[in-house]
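Numbering (the working numbering), first residue to last: 69 to 213.
Glycine included, each C-beta is placed from N, C-alpha and C at the ideal position.
Note that the structure is a prediction, hence the values are computed from the model and not measured.
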């Protein structure tokens, strides 16, 4: 009986861990509202967010191997990859599925149509998600129009 109860508890515990999505560790300024909206976007897509509010996001970005030229307002890490800026959840899910050899993904700057920004605007709303390769070079991972 005790073995059955123990086995059931282990099974239930592992199901809870299985049901939770990938853990997303985020470094952001406590004063940036769009970063919080991006975290909400990621949580709605099933990611579990662990947020660190820091005064200097660029220090974390550099420590994780993302050059300033690709910088944005927040940096994150998930599944061994680095995310810089307002990377859409669908791109992160694809990254985790395909598992390319890379540092991670970046959406440089703060494109108005990207998740968390979602600013009302007219005209060109397109932006790119870049794959940051181990040698520091980038290539287009996704185009959002």
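Chain-order list of residues whose beta-carbon lies under 7 Å from that of residue i (same chain, five-residue window excluded)
i	result
residue 147	90 and 164
residue 111	117
residue 179	154, 185 and 195
residue 119	94, 96 and 107
residue 132	143, 145 and 150
residue 159	173, 197, 209 and 210
Residues of its chain near residue i, where Cβ-Cβ distance is below 8 Å and the 5 sequence neighbours each way are ignored
i	result
residue 181	187, 189, 193, 194, 195 and 212
residue 105	183, 184, 185 and 186
residue 100	141 and 142
Distance, residue j Cα to residue i Cα
i	j	result
residue 107	residue 201	24 Å
residue 123	residue 150	19 Å
residue 103	residue 172	18 Å
residue 117	residue 191	33 Å
residue 95	residue 109	16 Å
residue 128	residue 161	23 Å
residue 225	residue 197	Because the chain is modelled from 69 through 213, residue 225 falls outside the range shown and cannot be assessed.
residue 136	residue 126	7 Å
residue 205	residue 155	18 Å
residue 166	residue 97	30 Å
residue 262	residue 170	There is no way to answer for residue 262, as the model of the chain reaches only from 69 to 213.
Coil, strand or helix - residue i by DSSP
i	result
residue 154	coil
residue 108	helix
residue 164	helix
residue 204	coil
residue 81	Its pLDDT being 46, under 50, residue 81 is placed unreliably in this model, and the coordinates cannot settle the point.
residue 125	helix
residue 210	strand
Same chain only: Cβ atoms within 6 Å of residue i, ignoring 5 sequence neighbours per side
i	result
residue 138	152, 174 and 176
residue 134	150 and 152
Nearest-angstrom beta carbon gap, residue j and residue i [assumed within contact, 8 Å]
i	j	result
residue 157	residue 209	Residue 157 to residue 209, Cβ: 14 Å. No contact.
residue 199	residue 144	Not a contact, Cβ separation roughly 15 Å.
Closer than 8 Å to chain B by CB, residue i
i	result
residue 171	This model lacks chain B altogether; it includes just one protein chain.
Distance cut-off 7 Å: residue i Cβ against heavy atoms of the ligand FAD
i	result
residue 154	This structure lacks the ligand FAD; in fact it carries no ligand of any kind.
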